[in-house]
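These notes are about the structure you will find just below.
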Amino acid sequence: MKRLIFACLLLSPVLCPAIGAADSPTTQTAPASTQPISWDDCVAIFSSVDSVAKLAPLLADGCVIHRFGNDPDTDAAPLIKFVAAQSPVGQHAYPMPSERIAADIADDVSRSALIPDSIKHFMTPDSPDARRSAAAVAIRWIELSVDADDATPVGVIILWNSTGGENSQGRALFVLLKGQQTPSGFKITAIAYGDPLQT
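Each residue of the sequence shown is one higher than the one before, counting from 1284 in this note's numbering.
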């Protein structure tokens, strides 16, 4: 079931262009103030971390980290290694359910200088029916991947790997985040990452 949903999202023309994040996320660091961190800031900071030590303050106790379809990782090191090996394409923060997810992914893909035009065309259809289908599929994908329900804060990180994929054209990879508000701000409670088609 999960594989079918992932395949629908990435390999069928069900994504549409819309206004979204810039091609490369702006590097951010943790705010110096004592104000609680917002979910948007939490997702943006996550996108720029390059070590387990820098990631740790963003994680809630018991945060579950796993590749799509796999058992939980024992620590965050494989995640950090995975993110460092890819090129950033976009990042977004949402409350669930959001009908913007698929459209924002498509917009990031269409604007990226990293991604071949043939892949862009494949992932950015303009049919109204495809747009509606994409919105529903993206919501269900995230619900299954990080156990998100209504009003759950989620983050979507879009990455590009230029060395893998069919015919060596590259492939889109993702990191999905689930958040929770705490007295000190938002923390990440679950992370799913990798290639959704390889589950």
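We treat Cβ as the ideally placed atom computed from N, Cα and C, and that holds for glycine. As the structure is a prediction and not an experimental result, all values here were calculated from the model.
Residue span of the beta strand (DSSP E) that contains V1437, given as start and end: Run containing V1437: P1436 to N1444, per the beta strand (DSSP E) assignment.
Rounded separation between D1478 and S1428 - CA only: Straight-line spacing of the CA atoms in D1478 and S1428 works out to 12 Å.
Is V1437 closer than 8 Å to K1461 when the C-beta atoms are compared? Yes; because the gap between Cβ atoms is below 8 Å, this pair is in contact.
Residues that V1458 bridges to, as DSSP identifies them: The partner list for V1458 (beta bridge, DSSP) reads I1440 and Y1476.
Should the region 1344–1355 be called in touch with the region 1382–1402, which here means at least 3 C-beta pairs below 8 Å? The region 1382–1402 and the region 1344–1355 do not touch, with fewer than three beta-carbon pairs separated by less than 8 Å.
Through-space distance from M1379 to V1326, alpha-carbon basis: Separation of V1326 and M1379 (C-alpha to C-alpha, rounded to the nearest whole angstrom) is 15 Å.
Name the two residues that bound the continuous beta strand (DSSP E) containing D1344. Secondary structure note for D1344: its beta strand (DSSP E) is the uninterrupted segment L1342 to R1350.
To which residues of the same chain is V1253 closer than 6 Å at the C-beta, ignoring the five residues directly before and after it? Given that the chain is displayed from residue 1284 to residue 1482, the structure contains no residue 1253 and the question cannot be resolved.
Under the DSSP definition of a beta bridge, which residues are partnered with K1470? Beta-bridge pairing links K1470 to Q1463.
Indicate whether L1456 and N1444 have their beta-carbon atoms separated by less than 8 Å. Judged by beta-carbon spacing, N1444 lies within the 8 Å limit of L1456, meaning their Cβ atoms are closer than that value.
Do you know offhand how far R1423's Cα is from Y1476's? So the two alpha carbons sit approximately 16 Å from each other.
Below 8 Å on the Cβ atoms is my contact criterion, and I expect Q1374 with S1330 to pass it. Report the Cβ-Cβ distance as a whole number of Å. At roughly 5 Å, the Cβ-Cβ gap stays under 8 Å, so Q1374 and S1330 are in contact.
Can you give me the start and stop residues for the beta strand (DSSP E) that P1371 sits inside? Run containing P1371: S1370 to P1378, per the beta strand (DSSP E) assignment.
Taking all protein chains shown into account, do 16 or more other C-beta atoms lie within 10 angstroms of the C-beta of G1345, making it buried, or fewer, making it exposed? With fewer than 16 neighbouring CB atoms inside 10 Å of its own CB, G1345 falls in the exposed class.
Which residue wins for smallest C-alpha separation from P1399, given the options V1372, L1480 and Y1377? That would be V1372, whose Cα lies nearest to the Cα of P1399.
How close, in whole Å, do the beta carbons of R1415 and A1386 come, if the pair is a contact with beta carbons under 8 Å? With 8 Å as the limit, R1415 and A1386 do not qualify as a contact, their Cβ atoms being about 11 Å apart.
Strictly by DSSP, which residues pair up with P1355? DSSP lists H1349 as partners of P1355.
What is the rounded straight-line gap between the Cα of G1468 and the Cα of A1419? In this model, G1468 and A1419 are separated by some 29 Å (Cα to Cα).
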